[in-house]
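Chains as they are written, first to last, in this note's numbering: chain A, 9 to 309; chain B, 9 to 309; chain C, 9 to 309; chain D, 9 to 309; chain E, 9 to 309; chain F, 9 to 309. Ideal Cβ placement from N, Cα and C applies to all residues, glycine included. What follows is one structure encoded as structure tokens, with my remarks underneath.
Put into structure tokens, the structure is as follows:
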């Protein structure tokens, strides 16, 4: 295998504490938060709050997890409040990637009451969506925690939110697959068919790309895998295989390249797949279909 | 009730065939589709396809529903392909709002093979996400189809996609609630508390807004409802009430204002709530937690 | 009338002091102010000031109303200065919606002299344009202040400035009509003709929209009004009627729906129209043709 | 005078037919038209039209001048329709800069009825605003047509619309002054005071700028003018002078530099000022306070 | 070496004809071309052309290479013309990546003369800048064409133009290194120092990133290289080494990982470095300091 | 000459110390710096730094000129760091336009180590590119410092960076020519041919533009110059003339208009051209082909 994954058995290495998740720089998140606020404020602002809440009213609010899960997106929530009124103070009790119990306070927000109410929905939309992804990821990660297999995501993300959703996957303990079409080669069945075979596709790809761009090939059968291994690339995507097929595939690969299983994987099905010894299982479900984590805002006056 | 909903009993009116869903103008959707493509293309474009697929290869692909559901977002899928290469021809078999059976072809796409593969993921991300919302909406709508109650959405939408998700709700047969903070007044508990009571909040709102902005008030108890009805507004949001409480609320209102029930409503719980006779049930679940409708692209060469 | 306007006689209610006008959040106004500055700075910045004024020079300037009027847009002026140099201090003597006498100081600005001169024109362009709208609105409002009628605006606004101009109308004591095409239904003659009559148009609209979207219908004659009242909507736009016709229309409506008069209304013609008892008179003139309020910047060195 | 204006007496030159006004390239106008449409369409599109007008309905509409004036902005109107639906055909009867009589058809628009109604307001907002500016400009130009003086505009334009409004001034037969802060030097009283006198300001400016950037100086008195003429620049702005003072100023200048009069100039006051022989009179009124030219859309079905 | 570069000796593989360079999709290049046009058109458009060239004049122009070089950026030039006027026809004689001789026609452009003149400078600015990069790249590539070494670029690109400049490097026969900070790990001296050594840095990186993100480490000495090879990553950057040191490094690596040499490399110094057998030499010079390729526009009337 | 350049002999005027270069306002530079950061951060941020550098690590870094040159772009570098993390402190030792010796510290940057490493490349890309332009300009300026001739730039700038590159030219002691197509008239051979001669082109231009827009005409021969001088404009561009021809041209002009020489001018060829007495020599080389000034970041821990 070209570059051993840490979670794969690394005999001589002591286990590492996972590094704390790095926040996304403000320059990356400000446009999406500002756009979300403008989408909600429309052409008239928060008419309800402006009509009913005195401008001078101050308030404190608590972001509370209504159910247990892993938190992600706190920086976006904080930014939503401060972009509405920079006098709002946001104090987080947790950081992205940490678990919250049901009923636990996640953050406290203090400032003009109008700003708290105006930014509330946008802040919650971000943090509940991203925490939903982190939680779904963490559930799968937990289900396979006693194996050497790790969970990773796909390009099946919500349009416009890829950087945020990839971050949420990391918050949930998952790894990121490609960030887009341009940062790695993933040769799928259609490419193979149009290129005239796996070998031709691989040769063309090697010719085209530099050394900082890995090459992975999708195979559906063990025969295709055997063909690929005659001239191995960096990784193989084993699509829609049974646990038994995966185990045989892992044996065939024998550590030479990274093995990745995919195909409608859930927390339920993951352990059986991981038992095969694959390095990774990838799933679009955690980004495209995870329900939100219910997080609410309680105003304490 | 100030403006009778058509689905509420309208004695003398013949039932209307629902109007076909109007598409969103291209000027509204092009920025979000272009942004999604740029997000995926990154700084290098589709390296895999460019390396493996001949520029001259032509192909035809079929968008196929892998499971049954209601389709939404076909215009966005079509636009994704044409923004990558304007020679691609997209022929839709259905229009937004129509149901697809499992395995049914939704659209056919013909053109340069590279363009089909490059735009595939973005096109599918849009159509599967929006069809998921339409399908979830339609499920609740179907569950209460034999009542006078209709389902509507909330502002709990994915940041940046509100116009699209509101459209998907309409595709699923639901109604839209507020589009944002600026197009209607919705007085919630926090507003009431900060304004000094329901009556004060309502008076302030009436003073502030014009005749094209409806006023709705959220109440948690029947006592609050009774207080509200002394000086009724356009609608009341009955939050987290049991079916029995809702029925009593509907009786109290007696058709004077629109009644809306909310609180963690699903297709399972909806019929019992609708049996109370409320005009509307609103739910954030259909926009923030609906899983995608699985739609794939099969390339026929 | 579905939702009684506060200014219409409300017997039992004590008169309310109008709520102070809420400012637009910075996240709404910063893009338009920044764009205006970039439009003026072009590709080279303020060559005159940079060539003639020492970088170290400090100055204080006074925004002065050269004529009497109602002020609007102070936040935009303040932002223009601070976006050029965040060391500028802007101290407003008034807030949006307050009247200024001829010669009265509206605000004082202190900071680097270069920044004051560079931002001057953009700041004044905003505040004089928006104060012109507020002043024109206030003139009509004053002319009908002893009636129950209120003035409101239209969608005839300057492209790109709708949110600001709607705010300026509120500053002048007017109400806002629709903010755009998407937040209320306004059925005009062309819609009626293409829908096959008023009744068909109204039925279609009711079918399509949710409870948070009011429906108004434009009528040109009393006969059309009578037809409309057989199945009343939320409001009626009485277009180009004489005061006598309006009075008859108001009598026909008899408080069941909101009545709005339109058609080339000015401060001169407004009182006669208001005498009819209509709830609202709407006019595009206040946004599309109001002259600026002359506001200048006097530098005190 | 450094560069003789053509309209000033040019003895030996035959009079030129004015060149037809060049349209602004689409790449310059598309962003502002698209933004205006998005501002109006909001998050839901044209709900009224979509609910009441059949998708298949075709229509023809006429843009008609309700009053006489000079037309400007037709390209923006055309673009508004085509950005909503590219099947709309827009046929202009006039081009920017041509006069329309009251009641005259300006353009015909044919296509899907929905698109005509959806784009109508944005199209009219552009063309009526810009035609208002062109008409106001043309009125002043006509008032001084028998003199050698020409009218020009200022930087007192509507934020975000400078390029369009400068174009409208040209359509009305006016000349453009500076386009922004960066394309010419205009030394005003505040610059003079902070630079330590006219001579110092002029010397600094000459040092700083290249040969493609003209220098103009504002003076309030004839004494200041005399001082300026000791070391003349390209043009002098004679601010708030009486016709008699202007005549004396023109005599002092004696053709050596361009003379420009400013200060609350209207079509009424312009002829007396022009009689002084100044080369130009400049006015902000034509851009910041001109009422719209009333242009309507008549749908012929 | 984890993934053998095709240009490195691949014994059993037949040599491949390089794949033709794929164009960047229009959705990627349109924003940058439109922005460049707007930057040049400013607030008034092309006043010279509009004043002097009749609107009806048609013309044909030839893009001609004034000196020999490799062409890149033709799509951007074509788009510049068509965004000014979509009636312009652009016929390319070459495609990106092909060489042009001095005096050779690169493309012919036909259409309204005004459009040709208005778009000329922007079109040439793109194609001459990008062809300059392609030519500089090709010069180094040619200098080492008889070795197994290939040239690649860095992140030292012109702000805002990275995707275009990376494309130009490919056009010149070079490979791309990282596209940005997010698509590969490159551990430099500062990272090592702050992480507490090479081994710690590598372990942390492996823990953090997925299998589609390669890891490269920069070393300055052979001792550092030896340390790295105890736990090898995907690639090593050998910074500022002499040809002799490089040769020793290559021998130490012995094909286990990719070797890359960097440090002020030019076409003159490249052959000596390549003789060491390194897989790649990388240089910022080709993107940040390459002079333009002189390409002009000759109008044939 | 219509407006004498200060550097041309001005007998009676004392020499002026050049005014310090004015910085570009933040509102002009923030979009381009933010875009450059987003381009580099991509969809995942700085994975290397986040994986290897502790979040708590503080560091100080020095921007050091690796070679002698004139500095430009420091504000952009400072902004790059602060947009990544607003806790970074940037202390400049020099200001734009000042020379740096090889090895000299240009600025010191202190703050979170991660932010320093993440912003490093973007900051250096700006400052090294712009300093390269300033240095190239200064070299030509120095070569002709003992003449009355000054160097100026052209519109041959990098797309998207014109305002910055024009600023860098000023930093190097050069003057700016036109900022774009809209701020001055420059009649070239193609315009002349399509207009039907120099005289016709000049007449048309005078008719079209106002007094704040200079007119320059390009001539290739002395005969063309003589024709132009019969009706002189503001400036003449003498293209590709020999020093002897230029001297004759300057004699013909005899101070009546500004003279500008152009045509592949370098620091080597400039003195001979300047000896002719032309007012200006203009060159695209300084913006489109100047190599960067090598500036590095040394982290001191």
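Residue(s) in a DSSP beta bridge with residue 268/D: 245/D and 288/D
Got a sec? Which residues, its chain only, sit under 7 angstroms from residue 254/C by beta carbon, not counting five neighbours each side? Cβ neighbours of residue 254/C beyond the five flanking positions: 246, 269, 281, 284 and 286.
What does a CB cutoff of less than 7 angstroms around residue 6/C pick up in its chain, not counting 5 residues either side in sequence? The structure shown does not extend to residue 6/C, since chain C is modelled only from 9 through 309, so no value can be given for it.
Tell me, please, whether the CB atom of residue 192/A is closer than 8 angstroms to any CB atom in chain E? For residue 192/A, the answer is yes, since a Cβ of chain E falls inside 8 angstroms of its Cβ.
I'd like to check one pair, residue 185/A with residue 64/A: are the Cβ atoms closer than 8 angstroms? no
Helix, strand or coil for residue 262/B, going by three-state DSSP, please let me know. coil
8 angstroms contact criterion, which residue 116/A and residue 68/A should meet: CB distance rounded: That belief holds up - the Cβ atoms of residue 116/A and residue 68/A are roughly 6 angstroms apart, short of 8 angstroms.
Just how far apart, CA to CA, sit residue 159/D and residue 129/B? 57 angstroms
Does the contact criterion of 3 or more C-beta pairs under 8 angstroms hold for the segment 168 to 181 of chain D versus the segment 125 to 141 of chain D? yes
What does residue 130/D reach in chain C if we use C-beta pairs closer than 8 angstroms? 167
Quick one: which chain B residues come within Cβ less than 7 angstroms of residue 40/A? 167 and 168
Rounded distance between the beta-carbons of residue 37/E and residue 87/E, thought under 8 angstroms: 6 angstroms
Measuring alpha carbon to alpha carbon, tell me which of 149/C, 108/C, 92/C and 199/C ends up nearest residue 294/C. 149/C
Counting only C-beta atoms, is residue 16/F closer than 8 angstroms to chain C at any point? Bear in mind that the predicted position of residue 16/F carries a pLDDT of just 33, short of 50, making it too unreliable to give a figure here.
Look up residue 159/F in the DSSP assignment and give the residues it is bridged to. 289/F
Using a Cβ-Cβ cut-off of less than 7 angstroms, give me the residues of the segment 108 to 122 of chain A that come near chain B, in sequence order. Taking 7 angstroms as the Cβ-Cβ cut-off against chain B, the residues of the segment 108 to 122 of chain A that qualify are 121.
Using the DSSP secondary-structure output, state which residues sit across from residue 306/B in a beta bridge. 70/B
Quick check on residue 222/F - is its C-beta less than 8 angstroms from some C-beta in chain D? yes
What does DSSP give as the partner residue(s) for residue 99/E in the beta ladder? 116/E
8 angstroms Cβ cutoff, residue 234/C in contact with chain B: no
For residue 155/C and residue 57/C, which I take to be in contact (beta-carbon distance under 8 angstroms), what is that distance rounded to the nearest angstrom? That belief does not hold up - the Cβ atoms of residue 155/C and residue 57/C are roughly 50 angstroms apart, past 8 angstroms.
DSSP-derived helix/strand/coil call for residue 61/C: coil
Kindly give me the distance between the Cβ atoms of residue 73/B and residue 112/B, rounded to whole angstroms, as I take these residues to be in contact under 8 angstroms. 5 angstroms
Would you say the beta carbon of residue 281/F is closer than 7 angstroms to some non-hydrogen atom of the ligand COA? Of ligands this structure carries none, so the ligand COA is not represented either.
Please confirm if residue 49/A has its CB atom under 8 angstroms from at least one CB of chain C. yes
What is the DSSP secondary structure of residue 300/E, counted as helix, strand or coil? Residue state, collapsed to three classes: coil.
Residue 32/A versus chain F: which residues are under 9 angstroms apart at the beta carbon? 49, 52 and 53
Whether residue 78/D touches residue 30/D by CB criterion (8 angstroms): no
Does the segment 194 to 202 of chain F come within contact of the segment 230 to 238 of chain D, defined as at least 3 CB pairs closer than 8 angstroms? no
Please classify residue 80/F: is it buried, with 16 or more other beta-carbons within 10 angstroms of its beta-carbon, or exposed? buried
List, in order along the chain, the chain F residues whose C-beta lies closer than 7 angstroms to that of residue 5/A? Any question about residue 5/A goes unanswered here, given that chain A covers just 9 to 309.
Mind checking residue 198/C: buried by the 16 CB within 10 Å criterion, or exposed? buried
For the alpha helix (DSSP H) that residue 194/B lies in, which residues bound it at each end? Not the alpha helix (DSSP H): residue 194/B falls in the beta strand (DSSP E), residues 193 to 195.
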